[in-house]
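Chains A and B, in that order, give the protein sequences. With full-length UniProt numbering, the residue at position 178 of the first sequence is 178, and numbering never jumps. With full-length UniProt numbering, the residue at position 227 of the second sequence is 227, and numbering never jumps. In this text, a Cβ means the ideal position worked out from N, Cα and C, and glycines have one as well. Read the structure below first, then the notes.
2 protein chains.
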Amino acid sequence: MGSTRARIAVDAMGGDFAPVEIVLGSLRAQAELDADILLVGKPDQIQEALKHHSVPPGLEIVPTEDMVEMHEEPLTAIRRKPNASINVAMDLVRQGRADAVVSAGHSGAAMAAALLRLGRLPGIDRPAIGAVLPTMTAKPVLILDVGANVDCRPKFLEQFAVMGSVYSKYVLGIPEPKVGLLNIGEESSKGNDLAVRAHQMLQENSRIAFIGNAEGRDVLSGDFDVVVCDGFVGNVLLKFAEAVGSVMLQIVREELPQGLNGKLGTAMLKPNLRRIKQRMDHAEHGGALLLGVAGICIISHGSSQAPSIFNAIRMAKEAVDHGVLGRIRAQYESPELAVADGQSSLSRGGEQPESVE
Amino acid sequence: MGSTRARIAVDAMGGDFAPVEIVLGSLRAQAELDADILLVGKPDQIQEALKHHSVPPGLEIVPTEDMVEMHEEPLTAIRRKPNASINVAMDLVRQGRADAVVSAGHSGAAMAAALLRLGRLPGIDRPAIGAVLPTMTAKPVLILDVGANVDCRPKFLEQFAVMGSVYSKYVLGIPEPKVGLLNIGEESSKGNDLAVRAHQMLQENSRIAFIGNAEGRDVLSGDFDVVVCDGFVGNVLLKFAEAVGSVMLQIVREELPQGLNGKLGTAMLKPNLRRIKQRMDHAEHGGALLLGVAGICIISHGSSQAPSIFNAIRMAKEAVDHGVLGRIRAQYESPELAVADGQSSLSRGGEQPESVE
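This is how it looks when you write it as structure tokens:
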């Protein structure tokens with residue numbers, strides 16, 4: 001879109017397979033997507049990972065020797081190590097040298113760095129982590145918060161709904177995203193104190209299309225495009241979803257090849273089984289997104305390898321190209337602007353750095 | 001076990017397929033299990049459902065014309081209709097005429113009836129609903145609470161852990177049940193306020209084998225035998241788990257028969273696919289159990305048909321035979337008695353009705 005190439009700062013030192021897999025994913029992204037990559041980290045290690053590849057002009061190394069280790073307490077580490085790779089990556093966005101950050105490192109550290117270096121968007125009390133899951137239908141569902149805020153107030157959930165609707169509409173391409181509140185029953189009186197009060201606020205918010213409570217069984221039904229919840233429930237749900245997939249696949253793997261017919265049939269079905277595994281595989285999704293800070297941040301799984309990093313960079317680029325930041329900001333600058341009105345003609349707008357709080 | 005046959009009061013009017021499927025499940029349970037059944041409900045409808053069957057001496061009809069309808073507000077209905085089938089079933093336990101209640105009716109109504117008619121066990125602040133789920137291993141996991149208490153205090157979770165350990169040990173046959181606290185990280189400092197405080201209480205309770213936090217991904221790993229959480233998170237998780245199973249099965253159904261090899265292979269694998277469906281199917285599990293009231297209560301899914309009712313009655317009978325009530329009571333009468341010590345020699349003890357509170 002447009003003439004400006006998205007510039008993605010990638011934390012080359014974050015993740016179980018850093019820097020090699022991070023570098024390989026970045027190389028592929030630079031080649032296949034219309035984006036420039038800034039690889040942030042130890043230059044000798046990054047050079048080593050790059051040594052059998054020709055380095056294209058759109059891929060730049062931003063050298064820094066420091067990094068946050070997995071065992072460190074994130075907030076302390078972020079404060080004590082101003083030159084840690086994740087801090088430097090955030091600074092690139094703050095300075096306007098990059099449009100987005102991708103990291104597979106400690107998610108708490110990425111969140112802390114984003115908050116301290118970029119700050120929150122005006123109108124947002126708490127940033128949220130959003131995760132995109134497949135549903136029964138062709139449309140995915142965006143769930144947020146999946147871990148940034150364990151204790152939430154109703155207005156946080158309302159803000160999650162607004163930010164989620166913007167992302168769903170402009171990046172996932174859903175014209176009028178249907179918002180649900182994760183709850184234990186359909187009636188507005190159901191749920192814990194947070195849910196009951198959030199239900200009312202969501203219902204009164206004319207900028208989003210709130211269609212009611214989403215029970216556990218509705219999350220993947222495709223009836224909802226955005227589901228909001230506190231970060232405790234959301235995190236439990238997301239990790240449970242990932243594990244259930246493995247349990248199911250294991251049952252299929254155990255039972256399918258039983259008996260002679262089973263062995264023959266399973267052999268014939270190999271390509272089909274591979275497709276099933278792909279559809280159930282979460283690695284395809286790239287990462288979670290941190291919404292509500294003054295920059296696009298994609299947080300990838302610690303176990304990410306090159307394909308996940310590639311997908312995370314694609315997510316970041318799409319959020320940049322569709323001006324997600326500017327559109328969220330506009331929601332709080334022009335309160336009448338509904339996410340679902342289809343009249344918005346905002347420019348990208350997300351590139352301007354916020355001052356640190 | 002022993003010479004006393006368990007006597008199960010079944011709410012014949014509760015559930016989407018009441019009374020026919022409830023009656024059929026009860027007939028089978030009476031025939032196959034060593035248990036007497038008291039069918040509570042409208043006698044003409046129960047007789048109609050029984051008319052092509054010979055009624056064995058161990059199956060009795062306890063007539064009542066009233067019932068709680070699905071659309072009614074449960075607590076109000078339970079109070080206004082003393083002769084509703086679920087109330088009469090609870091009364092049978094209170095009067096010592098039955099050992100347990102099985103109902104597929106409104107779960108809120110069953111809970112209200114149990115609380116008002118049977119009361120809580122001494123030492124228990126809030127009864128919990130427990131659900132048994134299959135894991136990656138041969139052992140199941142008991143999750144509680146899955147819906148009775150949306151807002152919990154730390155000591156409630158501690159009581160859930162004690163009750164769950166008793167059930168896991170004596171009914172599910174796990175010698176020293178490993179208890180986990182559902183949380184969003186492994187460290188004791190992780191989680192919301194409830195989780196942090198509950199973690200400490202669980203750790204200090206010497207009567208249970210608390211092994212730490214269980215993340216969403218650990219729930220079905222088999223590493224934990226009992227997982228405690230508040231009823232909001234538990235309910236979301238349980239309903240999500242049921243739905244994920246359907247999503248997975250649908251993906252398998254769509255992808256497996258693709259292409260000519262796919263069609264042939266799928267045909268050869270029919271019996272194996274049936275076994276996979278069975279292992280993933282929650283109907284096999286019969287129902288959830290209400291722990292902490294002065295009686296054994298199994299709450300079945302509203303959509304239960306005869307096989308689920310049969311399994312629910314079997315669950316009820318096993319809880320009765322293993323003296324679950326008496327053993328929970330003993331935990332609070334003799335504080336030194338550990339669930340995991342293996343020294344307990346309690347009698348059934350669960351049959352004595354409590355006075356209503």
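Contact set between residue i and chain B, taken where Cβ atoms lie within less than 9 Å
i: A/K239; result: I184, E215, G216, R217, D218 and V219
Cross-chain neighbours of residue i in chain A, by beta carbon under 7 Å
i: B/Q258; result: N272
i: B/R153; result: Going along chain A, no residue has its Cβ under 7 Å from B/R153, so there is no contact; the nearest lies around 13 Å.
i: B/D193; result: D151
i: B/V236; result: L182, I184, G216, V233 and L237
i: B/V247; result: M136 and L220
Cross-chain neighbours of residue i in chain B, by beta carbon under 8 Å
i: A/M268; result: N261, G262, L264, G265 and M268
i: A/R126; result: What A/R126 touches in chain B: nothing, since even the nearest Cβ is about 14 Å away.
i: A/I276; result: I251, V252, E255 and L256
i: A/G147; result: I184
i: A/R279; result: I251 and E255
Extent of the continuous alpha helix (DSSP H) to which residue i belongs
i: B/I309; result: A306 to D321
i: A/R117; result: S107 to R117
i: A/V324; result: V324 to E333
i: B/P154; result: P154 to Y170
Contact under 8 Å by Cβ, residue i with residue j
i: B/S334; j: B/G25; result: no
i: A/L289; j: A/I276; result: no
i: A/F240; j: B/V219; result: yes
i: A/I184; j: A/G173; result: no
i: B/A128; j: B/A148; result: yes
i: B/I86; j: B/S107; result: no
i: A/I211; j: A/V179; result: yes
i: A/D36; j: A/R7; result: yes
i: B/A12; j: B/I22; result: yes
i: B/D145; j: B/D225; result: no
i: A/V320; j: A/D91; result: no
i: B/V339; j: B/L121; result: no
i: A/V101; j: A/G295; result: yes
i: B/Y170; j: B/G323; result: yes
i: A/L181; j: A/H199; result: yes
i: B/V244; j: A/V244; result: yes
i: residue 358 of chain B; j: B/V228; result: Past the edges of chain B, shown from 1 to 357, lies residue 358 of chain B, and the structure says nothing about it.
i: B/G262; j: A/N272; result: yes
i: B/R274; j: B/P134; result: no
i: A/K139; j: A/G222; result: yes
i: A/A31; j: A/P57; result: no
i: B/R117; j: B/R153; result: no
i: B/A49; j: B/V20; result: yes
i: A/N205; j: A/E158; result: yes
Those residues which DSSP pairs with residue i across a bridge
i: A/A131; result: A/I143
i: A/I8; result: A/I37 and A/A100
i: A/V226; result: A/L142 and A/V179
i: A/R120; result: A/V293
Contacts that residue i makes with chain A (C-beta to C-beta distance below 9 Å)
i: B/Q250; result: M136
i: B/E242; result: G216 and R217
Per-residue contacts from residue i into chain A (C-beta, under 8 Å)
i: B/R79; result: The contacting residues do not exist; B/R79 stays about 18 Å from chain A at best.
Extent of the continuous beta strand (DSSP E) run through residue i
i: B/K81; result: No beta strand (DSSP E) holds B/K81; DSSP gives it neither H nor E.
Any non-hydrogen atom of the ligand ADP within 7 Å of residue i CB
i: A/K155; result: You won't find the ligand ADP in this model; it holds no ligand whatsoever.
TODO: Enumerate, from N- to C-terminal direction, the unbroken beta strand (DSSP E) stretches of 3 or more residues contained entirely within the stretch 33-67 of chain A.
DONE: Note on the stretch 33-67 of chain A: whole beta strand (DSSP E) runs with a minimum of 3 residues are 35-41 and 59-63, in chain order.
Open item on the list: I'd like the ranges of any alpha helix (DSSP H) spanning at least 4 consecutive residues and lying wholly in the stretch 190-218 of chain B.
Closed with: Those alpha helix (DSSP H) runs which fall completely within the stretch 190-218 of chain B and span 4+ residues are 193-204.
Task: Inside the stretch 239-303 of chain B only - beta strand (DSSP E) runs reaching at least 3 residues - done: If we require 3 residues or more, the beta strand (DSSP E) runs fully inside the stretch 239-303 of chain B come out as 288-291 and 296-299.
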